[in-house]
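Going down the list, the protein sequences come from chains A and L.
Numbering-wise (my numbering), the first sequence opens with residue 1 and increments by one.
Numbering-wise (my numbering), the second sequence opens with residue 1001 and increments by one.
Here is the structure we will look at.
Number of protein chains: 2
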Amino acid sequence: MPEQTLTWLDGEPAQALPLPDRGLAFGDGLFETLLLRRGVPLFADRHLHRLKLGLDALNFPPVLETARRHLEEASQAIAASGWLWAALRVTVTRGSGPRGYAPPPDAQPRVLVEVTEISRDCALMAPAVTLGVADIGLPAQPALAGLKHLNRLEQVLAAEQAQREGFEEMLLLDAMSGAATCVTAGNLFAVIDGQLVTPKLADCGVAGTRRRLVLDRWAPALGFTVPEVRLPPGQLEHASEVFYTNALYGLRPVASLGVVRWAEHPVCTALFEQYLEDLA
Amino acid sequence: MPEQTLTWLDGEPAQALPLPDRGLAFGDGLFETLLLRRGVPLFADRHLHRLKLGLDALNFPPVLETARRHLEEASQAIAASGWLWAALRVTVTRGSGPRGYAPPPDAQPRVLVEVTEISRDCALMAPAVTLGVADIGLPAQPALAGLKHLNRLEQVLAAEQAQREGFEEMLLLDAMSGAATCVTAGNLFAVIDGQLVTPKLADCGVAGTRRRLVLDRWAPALGFTVPEVRLPPGQLEHASEVFYTNALYGLRPVASLGVVRWAEHPVCTALFEQYLEDLA
Chain A
1 MPEQTLTWLD
11 GEPAQALPLP
21 DRGLAFGDGL
31 FETLLLRRGV
41 PLFADRHLHR
51 LKLGLDALNF
61 PPVLETARRH
71 LEEASQAIAA
81 SGWLWAALRV
91 TVTRGSGPRG
101 YAPPPDAQPR
111 VLVEVTEISR
121 DCALMAPAVT
131 LGVADIGLPA
141 QPALAGLKHL
151 NRLEQVLAAE
161 QAQREGFEEM
171 LLLDAMSGAA
181 TCVTAGNLFA
191 VIDGQLVTPK
201 LADCGVAGTR
211 RRLVLDRWAP
221 ALGFTVPEVR
231 LPPGQLEHAS
241 EVFYTNALYG
251 LRPVASLGVV
261 RWAEHPVCTA
271 LFEQYLEDLA
Chain L
1001 MPEQTLTWLD
1011 GEPAQALPLP
1021 DRGLAFGDGL
1031 FETLLLRRGV
1041 PLFADRHLHR
1051 LKLGLDALNF
1061 PPVLETARRH
1071 LEEASQAIAA
1081 SGWLWAALRV
1091 TVTRGSGPRG
1101 YAPPPDAQPR
1111 VLVEVTEISR
1121 DCALMAPAVT
1131 LGVADIGLPA
1141 QPALAGLKHL
1151 NRLEQVLAAE
1161 QAQREGFEEM
1171 LLLDAMSGAA
1181 TCVTAGNLFA
1191 VIDGQLVTPK
1201 LADCGVAGTR
1211 RRLVLDRWAP
1221 ALGFTVPEVR
1231 LPPGQLEHAS
1241 EVFYTNALYG
1251 LRPVASLGVV
1261 RWAEHPVCTA
1271 LFEQYLEDLA
């Protein structure tokens, strides 16, 4: 059954994006992917906070409150639709403009909201994934690190490699240092010598909302503090468990990386319980 | 007078892009900007060659011949329109697909052609520009270096800074080495101790069609060989002239960088004559 998606542009049902658009032309924009439960966006404030950081970094005109309103209107439509779980993507572009890289001084950003039903029960922890290692590295770009902008070719190429090689997720390494940074669609965690750690994201990677919740709430509730570290991939082989976080799965365990297999994921499972309590 | 643009999508006149589209979602695509004279695309084979390199690097399904055909059809329409000079942008995206980074195995790329009239006479060398230095560096990404893909936030932010600071163009430095790499919309050349040089593009930057023509044809015709070098920005201050190349200007001199001024541009002027001979 093909996925069903509902789409709104600037608050109106839409099937197309007017041209030209700088989001298409240059990736001049940002996005967020939120999990909806019965049409209620989960941890929306944390997504809007990251969106605000991105809008500021790209010097967008004020559009955050408009994006929040369109997100809420779309969520209400989904609440009426009967979908239990859904993925809501909100994309903000700098809108149209004349030819060339320079943003127009009077830019009028566009807000695109796309909602897709999710058929799995997101309140159940998803099965552990096989993890490959991406050939393409993440370039160091401190000015954009942590933000969820529209320039995502590294993730696309890593996901394409995953399909080709039969992996469910891919580990992305910092191209400069070689350190493990994240997976294609999520943030990485590992338990090494009993210590829960996650990679630093100073130079590259997206600062995930669920990563922040693990650091601030769910891990402390279990007695963990979580250092942000430089994590050479060789250290992952000595981990007692590895998992990743994102908005749609919450937390998801890793079953294997190279020759290493992990059958049990007690820390990931306990954190998932914390996550569910937060949802309740 | 606002710019007039004619737009075709997959060969048909269009005002909008169907959603979803991976070019918008992730910058999953490529583009070329060609100069048209009386509707004839100049150096089209070199643009199509670079497009092919990009399509191969991103593992796109075969679409090059389709792009060539739509480019030619649009050019013929412009020939009939009476525009003397025009900029033709061809954008190839991986088309639609389900949610997520992974490209669909049956991706059907889209070809967008946008043509905008140019009012200036492109057969005249344009006035020299003031050059600032971009705060944002170019990250090292050897897997994508040289290609003209849709992930262009560094150029957007540099162009935005240029507007804010009152420069006409911006110098972009390699974030890792600090070397001068290119300008926002073109490739850099300098004459230092009588030697014409241009930055190496192994790690970042776009390998311009006019850059390649300078190296292969126009500079040799003047007796220059052009080493591709690592070019610390401090060396530019000792240059006797600096200029840049792109498809729309051909070659364009630089008037100033920091406290340094260049009043004369004999090498750029001589190369521009070579360029004009090639156009004839």
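Don't be surprised by glycine CBs; every beta carbon is placed ideally from N, CA and C.
Values in this document were obtained by computation on a predicted structure and should not be read as measured data.
- Beta-bridge pairing by DSSP links A/Pro253 to A/Phe243.
- Between the stretch 1122 to 1138 of chain L and the stretch 1158 to 1177 of chain L there are three or more C-beta pairs closer than 8 Å, enough to call the two in contact.
- Residues of the same chain with a CB within less than 6 Å of the CB of L/Lys1052, apart from the 5 flanking positions on each side, are Leu1064 in chain order.
- Of all residues in the stretch 1149 to 1163 of chain L, the ones placed with a Cβ closer than 8 Å to any Cβ belonging to chain A are His1149, Leu1150, Asn1151, Arg1152, Leu1153, Glu1154, Gln1155, Val1156, Leu1157, Ala1158, Ala1159, Glu1160, Ala1162, Gln1163, in chain order.
- In the DSSP assignment, L/Thr1066 forms no beta bridge with any residue.
- At least one CB of chain L lies nearer than 8 Å to the CB of A/Ala102.
- L/Thr1184 has a beta carbon lying within less than 8 Å of a beta carbon in chain A.
- Contact check for A/Glu154 against A/Val129 fails: the beta carbons are separated by 8 Å or more.
- Straight through space, the alpha carbons of L/Pro1139 and A/Ala202 are spaced by roughly 14 Å.
- Look at A/Cys122 here: in three-state DSSP terms it is coil, with no helix or strand label.
- Closest option to L/Asp1278, judged by alpha-carbon separation, among L/Asp1106, L/Leu1236, L/Leu1019, L/Phe1043: L/Phe1043.
- Straight-line measurement puts the Cα of L/Ser1177 at about 47 Å from the Cα of A/Arg120.
- In this structure, the alpha-carbon of A/Leu157 lies about 32 Å from that of L/Thr1005.
- The three-state secondary structure of A/Val267, taken from DSSP, is helix.
- Each of L/Arg1099, L/Gln1195, L/Ser1096 was checked against the Cα of L/Pro1220, and the nearest Cα belongs to L/Gln1195.
- Residue range 195 to 199 is occupied by the beta strand (DSSP E) that includes A/Gln195.
- Nearest to A/Ala239 by alpha-carbon distance, out of A/Ala77, A/Asp28, A/Gly205, A/Ala255, is A/Ala255.
- A/Cys204 has no beta-bridge partner at all, per DSSP.
- At least one C-beta of chain L is nearer than 8 Å to the C-beta of A/Gln141.
- At a C-beta separation below 7 Å, A/Glu3 has these neighbours in chain L: Pro1098, Arg1099.
- L/Ala1079 and A/Ala80 have their C-alpha atoms roughly 53 Å apart.
- DSSP places A/Val156 inside the alpha helix (DSSP H), whose first and last residues are 153 to 165.
- By the Cβ rule, the stretch 205 to 216 of chain A does not count as touching the stretch 255 to 269 of chain A, because fewer than three pairs are nearer than 8 Å.
- Judged by DSSP secondary structure, A/Pro18 falls within the beta strand (DSSP E) whose first and last residues are 16 to 18.
- Of all residues in the stretch 1215 to 1233 of chain L, none comes within less than 9 Å of chain A when Cβ atoms are compared.
- Among the CB atoms of chain A, none fall inside 8 Å of the CB of L/Phe1167.
- The straight-line gap separating the alpha-carbon atoms of L/Arg1038 and L/Thr1116 is approximately 13 Å.
- Minimum Cα-Cα distance from L/Asn1151 among the listed residues A/Leu24, A/Tyr275, A/Val40, A/Leu19 corresponds to A/Leu24.
- Fully enclosed alpha helix (DSSP H) runs of no fewer than 4 residues occupy 1044 to 1057 of the stretch 1024 to 1071 of chain L, in order along the chain.
- In the three-state DSSP reduction, L/Pro1220 falls in the helix class (H, G or I).
- Between the alpha carbons of A/Trp262 and A/Leu251 lies a gap of roughly 15 Å.
- Between L/Glu1114 and chain A, the shortest Cβ-Cβ separation is below 8 Å.
- With its beta carbon less than 8 Å from one in chain L, A/Pro20 belongs to the interface.
- Secondary structure note for A/Thr5: its beta strand (DSSP E) is the uninterrupted segment 5 to 9.
- In terms of Cβ geometry, L/Leu1088 and L/Ala1074 form a close pair [threshold 8 Å].
- Among the residues facing chain A, L/Ile1136 is included, as its CB has a counterpart in that chain under 8 Å away.
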